[in-house]
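Its first residue numbered 1, the sequence shown is counted upward by one per residue in the working numbering. Some notes on the structure that comes next.
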Amino acid sequence: MAHILIVYSTTDGHTRRICERLKQVVEERNHRVELVAIDDASQVRLESFDKIVLGASIRYGKHRKEVYDFVRAARQVLESRPNAFFSVNVVARKPEKNRPETNPYLRKFLKQIAWRPRELAVFAGKIDYQLYDFWDRQIIRFIMWMTKGPTDPRAVAEFTDWKQVEAFGRRVCEM
Ligand SMILES: Cc1cc2nc3c(=O)[nH]c(=O)nc-3n(C[C@H](O)[C@H](O)[C@H](O)COP(=O)(O)O)c2cc1C
């Protein structure tokens, strides 16, 4: 039985929901899981976990600064045990951009950091226009219009393939 830490960076909560699904899958296989928001990760003793997973969403082309800070500070511990990273973004709803090898944000992120995660994944996220402030809503609607996504300002569109999330959970158990 492994003790697994899942650290997440979220703005609107969807990455946390993905982590909760991962936790379920991993716990069904009798491992212990702790979910920690990236803002609280500095209070956690990383060395006490057997495996570490980091998940982060994209906003305006980037993961949050805290993600880079965490990776820099935790790199040695991460690399000393099985580790994984996943990114959440809506570009990944496109079949040609939904794999670690083809998702532009994940490719760019890996070029920017020294850590080489053992397992990688990318999941399509969620759009919920009512959650956003006026300008975010207009900008995301414009991007969606350009990329043939939903533009109705009341739309809630979840693109996440939960089977893919579950499969990643199984990979985390095996790594
Ligand atoms: C203000 C804003 C900016 C976003 N920018 C991007 C982006 O540049 N590229 C992308 O693929 N998705 C983008 N997204 C989509 C988010 O990655 C998606 O909504 C994700 O599910 C958010 O996860 P979270 O709730 O964990 O933060 C953006 C969403 C918002 C609200």
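Even for Gly, the Cβ is constructed at its ideal location relative to N, Cα and C.
- DSSP lists Arg32 as the bridge partner or partners of His3.
- Three or more beta-carbon pairs separated by less than 8 Å are not found between the stretch 41-48 and the stretch 19-26, which leaves the two stretches without contact.
- Annotation: the stretch 98-141 contains the following complete segments of the alpha helix (DSSP H) (minimum length 4 residues), in chain order: 104-112.
- Beta-carbon to beta-carbon, Val33 and Val7 are separated by about 11 Å, too far to satisfy the 8 Å threshold.
- Look at Tyr68 here: in three-state DSSP terms it is helix.
- The shortest CA-to-CA distance from Phe168 to any of Cys19, Asp12, Val67 is the one to Cys19.
- Bridge pairing for Lys62: Arg59 [DSSP].
- Looking at the backbone, the Cα of Arg81 and that of Asp12 are separated by about 30 Å.
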